[in-house]
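*Asks:*
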Amino acid sequence: MTIHKFEANKPNGESISMEEYKGKVVLVVNTATKCGLTPQFKGLEKLHQDYKGKGLVVLGFPCNQFLGQEPVENDKMEETCQINHGVTFQLMEKIDVNGSKTHPIYKYLKNKIKSGLFSSRIKWNFEKFLIDPNGKAIKRYSPKTKPSAFEGDIIKELKKLS
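With our numbering, you'll find the sequence shown wraps up at 182, consecutive numbering, no jumps.
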């Protein structure tokens, strides 16, 4: 089983098959616009700009499960993130990452990487998963881990594409 077996919706409701990202390195992150970790949008956008031409895809999944820190509705999500945070990477529609309504992509990711400090629960906004070009979840980063801290892991995966 890989992430390529799943689908997700853009904020406008349009469905995207994760198979579209086959052969790409994917970074999946649950986002929130009113979180203390929101400055990470800048680092995520930098990764997107620096490596999108080399095969990196950043996917932001807004989530309102942590103290209501994502109050923006889907129809305003992309505009709000672009204007307030400079985000141009792909945002998806708001989802749940924990509980009975957990999105299938997050069920898969949490099941694949849950050892060490990580349980099967997402702890907070901006928890990140790195997916290799074959669609396998290979690394999980805590919410406090800044995007620049794992840039080397991304570069290592991108080198597999050449």
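Cβ coordinates follow ideal geometry from the N, Cα and C atoms, glycine included.
Would the stretch 105-115 count as touching the stretch 81-94 if we require 3 or more Cβ pairs under 8 Å?
*Replies:* Touching, yes.
*Asks:* When we look at the beta-carbon of Met21 and count the other beta-carbons within 10 Å, is it buried (16 or more) or exposed?
*Replies:* By 1-based counting over the sequence shown, the position of residue 21 is 1. By the 10 Å Cβ count, Met21 comes out exposed.
*Asks:* Could you pull the start and end residues of the alpha helix (DSSP H) that Ile192 belongs to?
*Replies:* Residue 192 lies beyond the stretch modelled for the chain, which goes from 21 to 182, so this question has no answer here.
*Asks:* In this structure, how does DSSP classify Gly80 when only helix, strand and coil are distinguished?
*Replies:* Counting from 1 along the sequence shown, the entry for residue 80 is found at position 60. In the structure shown, Gly80 sits in a strand (DSSP, three-state: E or B).
*Asks:* Is Asp152 helix, strand or coil when you go by DSSP?
*Replies:* For the purposes of this step, residue 152 is taken as residue 132 along the sequence shown, with counting starting at 1. Three-state DSSP puts Asp152 in coil, outside helix and strand.
*Asks:* Tell me which same chain residues have a C-beta within less than 8 Å of the C-beta of Gln102, skipping the five on either side of it?
*Replies:* Taking the sequence shown and counting its residues from 1, one reaches residue 102 at position 82. Answer for Gln102: Thr108, listed in chain order.
*Asks:* Taking the alpha carbon of Ile115 as the point to measure from, which residue in Gly63, Lys30, Pro153 and Asn154 has its own alpha carbon closest?
*Replies:* Walking along the sequence shown from the start, residue 115 turns up at place 95. Comparing Cα-Cα distances from Ile115 to each of Gly63, Lys30, Pro153 and Asn154, the minimum goes to Lys30.
*Asks:* Who are Gln85's beta bridge partners in DSSP?
*Replies:* Taking the sequence shown and counting its residues from 1, one reaches residue 85 at position 65. Bridge partners of Gln85: none, in fact.
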